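First residue of the sequence shown? That's 96 in our numbering, and the numbers climb one at a time after it.
Cβ coordinates follow ideal geometry from the N, Cα and C atoms, glycine included.
It should be emphasised that the depicted structure is a prediction, and the values quoted were computed from it without experimental measurement.
What follows is one structure encoded as structure tokens, with my remarks underneath.
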Amino acid sequence: MLVIALIDGGLIVTKCKVFYKLGVPQSFEPVSSQKFFNIMSEIKQYAALEYLVDVLQKAIIGSKVKQLTPDESAIIDGNASIRLKQHSESKGNNVVISIRDEKEILYSEELLEEVYKIQGRKDCPADLKATLAPANITINGINIEAELIFHAVRDQFYALNGSYEFQKFIERDNQKLKFNMTFGDELTFALIVINEADLVAIEAVVGESVPSAVKAVINADMETVRLDINSEFKKD
């Protein structure tokens, strides 16, 4: 028996049945590309991971899911992918879901907020709410809330003055971010953002040689951003 599948007009080896009579194929069973991925990776996964993956896959049009192991999946979006892995904290029993999204698909698809509030979805079962509520979800090594805060800080600087531009990360450590920004054509300074339990601390590190008037502008903008960010993320 030859085992093939017709996927979106293409021919791929899989578990579909083809019956032969006198050497001539009589019928075959076409399957969708998503079903092909499911067939090739029939793995029983952790419920929290599976739920999050399912929500994101449905939100990213045209994406497919490949289950790699019971604790890891990949969402395939064209030539890019998002890797999700579930494990437990080294101290305690809370779930950790680590997301590797090098192409920032979740940001471009405006899904960071969806991940952040995953336990609050109406279709989230009660047992998963209890698992996901205290879970530490990280994206590219950064806590999901800290990731949201970074994008909010950057966007608010942009909104305040078109002369600001993000350059590169210097440090990414769960709840702490340090990155370079430019102001105008030549001035580069660092921003340190720390997401603490009850507040977001933001510090601008500006070189001593920078004119005091320019420092004053940057520090004033930083204070405006700090107040807005804390109002948004630390309301309680």
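- The beta carbon of residue 157 sits closer than 8 Å to those of 172, 173, all from its chain and outside the five residues before and after it, given in chain order.
- Within 10 angstroms of the beta-carbon of residue 167 lie 16 or more other beta-carbons, which makes it buried.
- Residue 194 is a Cβ neighbour of residue 179, given a cutoff of 8 Å.
- If you compare the alpha carbons of 189, 140, 184 with that of residue 169, the shortest gap goes to 140.
- In the structure shown, residue 155 falls within a coil segment according to DSSP collapsed to helix, strand and coil.
- For the pair residue 306 and residue 282, the Cα-to-Cα distance works out to about 10 Å.
- Between the alpha carbons of residue 218 and residue 294 lies a gap of roughly 31 Å.
- When rounded, the separation of the alpha-carbon atoms in residue 304 and residue 290 is 29 Å.
- Per DSSP, residue 213 is not a residue of any beta strand (DSSP E), being assigned neither H nor E.
- Between residue 276 and residue 260, the C-beta gap is smaller than 8 Å, which places the two residues in contact.
- In the three-state reduction of the DSSP assignment, residue 168 falls in the strand class.
- With 16 or more other Cβ atoms from the protein chains shown falling within 10 Å of its own Cβ, residue 159 counts as buried.
- Out of 253, 249, 280, 255, the CA that lies nearest to the CA of residue 274 is found in 249.
- Assignment of residue 218 by DSSP, reduced to helix, strand and coil, places it in the coil class.
- Within the DSSP bridge table, the entry for residue 317 names no partner.
- Residue pairing by DSSP places residue 283 opposite 277 in a beta bridge.
- Closest option to residue 222, judged by alpha-carbon separation, among 146, 308, 301: 146.
- In this structure residue 301 touches residue 284 by the C-beta definition: roughly 5 Å separates them, less than 8 Å.
- Excluding five sequence positions before and after residue 203, none of the CB atoms of its chain fall closer than 8 Å to its own CB.
- The three-state reading of DSSP puts residue 260 in strand, counting E and B together.
- For a cut-off of 8 Å, the C-beta gap from residue 256 to residue 316 is around 6 Å, short enough to register as a contact.
- For residue 201, the enclosing alpha helix (DSSP H) covers residues 200-203.
- Secondary structure note for residue 248: its alpha helix (DSSP H) is the uninterrupted segment 239-255.
- Burial state of residue 181 is buried, judged by a 10 Å Cβ sphere holding 16 or more other Cβ atoms.
- With respect to residue 242, residue 207 sits close: the two C-beta atoms are nearer than 8 Å.
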